[in-house]
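*Asks:*
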Amino acid sequence: MPPATELFRPYLARHANLRGIGDDRPTALEIVKDLGAEGRLNDVVILITGCSAGLGVQTARALHLTGAKLYLTVRNVEKGKAAISDITKDAPDGQPIELLSMDLGDLESVRSAAAEFKSRSNRLNILINNAGVMAAPQGKTISGFETHMGSNHFGHFLLFELLKPVLLASASPQRKSRVINLSSSGHLISPVRFDDMDFAKEGSYNPYAAYGQSKTANIYMANYIDRAYGNQGIRAISVHPGVILSTELMRHQKVEDLLSIGDPEYFQKIECNAEQGAATTV
Numbered sequence: 009m010p011p012a013t014e015l016f017r018p019y020l021a022r023h024a025n026l027r028g029i030g031d032d033r034p035t036a037l038e039i040v041k042d043l044g045a046e047g048r049l050n051d052v053v054i055l056i057t058g059c060s061a062g063l064g065v066q067t068a069r070a071l072h073l074t075g076a077k078l079y080l081t082v083r084n085v086e087k088g089k090a091a092i093s094d095i096t097k098d099a100p101d102g103q104p105i106e107l108l109s110m111d112l113g114d115l116e117s118v119r120s121a122a123a124e125f126k127s128r129s130n131r132l133n134i135l136i137n138n139a140g141v142m143a144a145p146q147g148k149t150i151s152g153f154e155t156h157m158g159s160n161h162f163g164h165f166l167l168f169e170l171l172k173p174v175l176l177a178s179a180s181p182q183r184k185s186r187v188i189n190l191s192s193s194g195h196l197i198s199p200v201r202f203d204d205m206d207f208a209k210e211g212s213y214n215p216y217a218a219y220g221q222s223k224t225a226n227i228y229m230a231n232y233i234d235r236a237y238g239n240q241g242i243r244a245i246s247v248h249p250g251v252i253l254s255t256e257l258m259r260h261q262k263v264e265d266l267l268s269i270g271d272p273e274y275f276q277k278i279e280c281n282a283e284q285g286a287a288t289t290v
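Written as structure tokens, this is what we have:
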């Protein structure tokens with residue numbers, strides 16, 4: 009296989025002329041096919057959070073083609089079953105996809121899902137922390153954290169800690185385990201507010217700042233994992249999938265309101281669909 013720089017160099021030109029959804033930027037499925045990875049990862053186990061719609065489904069769809077064993081977490085099991093049915097209808101020969109019920113805002117639910125996973129599999133090669141919430145009204149998770157930090161960061165951090173022994177045990181010199189955190193360019197909106205992480209000060213709440221600090225925390229988490237466990241077999245990165253306005257991440261936000269805080273023409277130019285956004289993860 010040629011060096012990674014050779015593999016990804018062709019995609020640079022496809023990002024040169026952004027025209028919005030469906031432009032020349034590659035999809036996750038294209039990348040799997042371009043790499044010749046179809047059916048080549050039969051011995052790989054992958055867990056992806058947030059797979060009832062959007063980026064999670066498109067990431068799972070592409071990775072299902074590789075032959076990997078997939079475990080998908082969802083809050084709504086019926087939506088998860090529908091997503092699996094949609095993924096497998098065009099690729100029925102892949103390994104069966106398994107579903108795990110998990111609410112990242114409820115740390116007991118995270119513990120339960122991690123225990124359920126470990127009861128089904130003694131291997132985990134890749135953990136993709138995909139699930140997220142954005143621009144939610146001020147509130148707290150079941151476990152008492154600010155909604156964005158609780159769901160986007162603390163839930164995922166606990167999940168990693170609980171699955172860390174399996175990730176370490178699954179690593180080898182030839183194939184290190186991986187943790188991929190879906191962050192966002194939204195991290196530029198806010199650092200982690202260590203002095204008021206829950207926006208407890210009256211009048212301080214800003215949904216974009218709340219989202220931004222959670223995405224900054226995702227980056228810190230990936231950097232920490234890579235530094236602390238890189239030489240033990242776990243590599244970690246954080247990625248930005250792009251501007252995607254058509255997924256459930258936007259359920260608390262009107263698209264027109266988001267466009268109003270910047271240049272609408274610019275947003276529409278850089279916007280991509282979930283299939284393209286999942287390419288960054290893959």
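Position one of the sequence shown corresponds to residue 9 (our numbering), numbered consecutively onward. Using N, Cα and C, we set each Cβ at its ideal position, and we do this for glycine too.
Between H161 and the rest of its own chain, which residues show a CB-CB distance below 8 Å, the 5 nearest in sequence each way excluded?
*Replies:* So the list reads S222, A225, N226 and M229, once near-sequence residues are dropped.
*Asks:* Compute the beta-carbon to beta-carbon distance between Q146 and E283, rounded to the nearest angstrom, for a pair I have assumed lies under 8 Å.
*Replies:* With a Cβ gap of about 33 Å, Q146 and E283 do not count as contacting.
*Asks:* So what does Y8 bridge to, in DSSP terms?
*Replies:* In the structure as shown, the chain starts at 9 and stops at 290, and residue 8 therefore has no counterpart that could be examined.
*Asks:* Determine the extent of the alpha helix (DSSP H) in which S60 is found, giving its start and end residues.
*Replies:* S60 -> no alpha helix (DSSP H), and no H or E assigned at all.
*Asks:* Taking P321 as the reference, give the member of D42, H195 and L80 with the closest Cα.
*Replies:* Absent from the structure is residue 321, since the part of the chain shown begins at 9 and ends at 290.
*Asks:* Considering only their Cβ atoms, is the gap separating I233 from I134 smaller than 8 Å?
*Replies:* Against a cut-off of 8 Å, the Cβ pair of I233 and I134 comes out as no contact.
*Asks:* Hey, is the region 138 to 152 in contact with the region 114 to 126, meaning 3+ C-beta pairs nearer than 8 Å?
*Replies:* As far as the Cβ criterion goes, the region 138 to 152 touches the region 114 to 126, which means the pair count is three or higher.
*Asks:* Need the endpoints of the alpha helix (DSSP H) that S185 sits in, please.
*Replies:* Run containing S185: none in the alpha helix (DSSP H); it sits in the beta strand (DSSP E), S185 to L190.
*Asks:* How is E154 classed by DSSP in three states: helix, strand or coil?
*Replies:* It is a strand residue.
*Asks:* What does DSSP give as the partner residues of E279 in its beta bridges?
*Replies:* Partner(s): V251.
*Asks:* Name the residue from A139, A208, F207 and H156 whose alpha carbon lies nearest to the alpha carbon of N189.
*Replies:* When each option's Cα is compared against that of N189, the closest is A139.
*Asks:* Alpha carbon to alpha carbon, how far is P104 from N50?
*Replies:* Looking at the two C-alpha atoms, the distance is approximately 11 Å.
*Asks:* Check each candidate in S180, N137 and P181 and name the one with the smallest Cα separation from F165.
*Replies:* It is N137 whose Cα lies nearest to the Cα of F165.
*Asks:* Excluding the 5 residues flanking V5 on each side, which residues of the same chain have their C-beta closer than 6 Å to its C-beta?
*Replies:* The structure shown does not extend to residue 5, since the chain is modelled only from 9 to 290, so the question has no answer here.
*Asks:* Quick one: residues in its chain with C-beta nearer than 7 Å to the C-beta of G75, no 5 flanking neighbours on either side, listed in chain order?
*Replies:* Result list for G75: G47, R48, L49, N50, G102 and Q103, in chain order.
*Asks:* Between which residues of its own chain and R186 is the CB-CB distance below 6 Å, once the five residues before and five after are set aside?
*Replies:* Closer than 6 Å at the Cβ level, and outside the excluded window around R186, lie I134 and R243.
*Asks:* Ends of the beta strand (DSSP E) at N137?
*Replies:* N137 -> beta strand (DSSP E) spans I134 to N137.
*Asks:* Reducing DSSP to helix, strand and coil, say where I29 ends up.
*Replies:* Three-state DSSP puts I29 in coil, outside helix and strand.
*Asks:* Compute the distance between the beta-carbons of T96 and T57, then report whether it is under 8 Å.
*Replies:* For T96 and T57, no; Cβs fall outside 8 Å.
*Asks:* May I ask which residues mark the beginning and end of the alpha helix (DSSP H) holding G211?
*Replies:* Per DSSP, G211 belongs to no alpha helix (DSSP H) and is neither H nor E.
*Asks:* Would you mind stating whether G113 and S60 have Cβ atoms separated by less than 8 Å?
*Replies:* Going by C-beta atoms, G113 is not nearer than 8 Å to S60.
*Asks:* Secondary structure at R201, three-state DSSP: helix, strand or coil?
*Replies:* R201 falls in the coil class under three-state DSSP.
*Asks:* Report the three-state DSSP secondary structure of S178 (helix, strand or coil).
*Replies:* S178 falls in the helix class under three-state DSSP.
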